[in-house]
Amino acid sequence: MKFLLVTDLDNTLVGDDEATQIFNQRLQSMRSQICLVYATGRSQASTGELIAQKQLLAPDYLIAGVGSEIYRDGTQDLDWAQYLSQNWDKMAIASLAQQFKQLKPQPPQAQNPWKSSYCLEPAAENSSIVQALQQKLTASGLAGQIIFSSNRDVDILPKTSNKGNALTYLQKRLQIPSELTLVCGDSGNDISMFEQDVRGVIVANSKSELLAWHRECGSKNHYLAASACAWGIMEGMAYFGEF
Ligand code: GLC
Ligand code: MG
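Residue numbers (this note's numbering): 53 to 295.
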């Protein structure tokens, strides 16, 4: 039975080049025993660029666009796409978001049929803007969810989506149990992974929203590393006895 390792990229696997390189070497030596999944907010194309630039190992699966897309060997999982399309009305979501002038749409490359993404300028009142957006979304009855990361990025996805739901879908499909699954992340769009019945490593350089989640909801399944980026992943894997 393989071990399922699901890791975020930016500021988790990537962020400290020396750590990424050492971690890659260690992963490579146990590659055949691991099902490697990258779970990122990036698109498939942008992930491909990062993999080339940082010489990352080729993953077995890619969860892209905050869980809005799943790929295996460059091919999109159409069952997942079809599942997310049920009750999802992206146009209605976009017109609801347009009512908030502080929300600036992210570039077209960051959008896909199951992901509507916006940016907020850094400001103290951002969480109340997101709260107001959440209230409108709930009142509208649209089957969407808001993911807020880094006090800046606002992703609106189908309720059925997000990184955590995508990883659980893969875990079931691969029939890998929770005790053989480890997730790693640093920011708000990773919280849904830590909410699944899996063990998780929160790297030391994590954003305040993930650290706050850990303080309020963390359990013995969640390890807050003392070191940053891929050093933190290695520390966490050693803690859970996987290295
Ligand atoms: C990545 C994506 C962006 C998203 C952010 C947070 O930066 O490119 O679209 O908003 O992650 O999930
Ligand atoms: Mg990240």
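Note that the Cβ used here is the ideal one computed from N, Cα and C, for glycine as well.
The continuous alpha helix (DSSP H) containing residue 100 extends over residues 96-105.
Counting of Cβ neighbours within 10 angstroms places residue 280 among the buried residues, the total reaching 16 or more. Here residue 118 carries a helix assignment [DSSP, helix/strand/coil].
For residue 74, the enclosing alpha helix (DSSP H) begins and ends at 69-81. Taking 7 angstroms as the cut-off, the C-beta of residue 241 counts as close to a heavy atom of the ligand GLC. The DSSP-derived three-state label of residue 214 is coil. Per DSSP, the beta-bridge partners of residue 55 are 86. Residue 171 and residue 200 have their C-alpha atoms spaced approximately 10 angstroms apart. Relative to the ligand GLC, even the nearest heavy atom lies 7 angstroms or more away from the CB of residue 192. The ligand MG approaches residue 62 closely enough that one of its heavy atoms is under 7 angstroms from the residue's Cβ. In the structure shown, residue 225 adopts helical secondary structure according to DSSP, grouped into three states. For the pair of segments examined, the segment 181-195 was found not to touch the segment 216-236: the number of CB pairs separated by less than 8 angstroms stays below three. Distances between the C-beta of residue 237 and the heavy atoms of the ligand MG include at least one below 7 angstroms.
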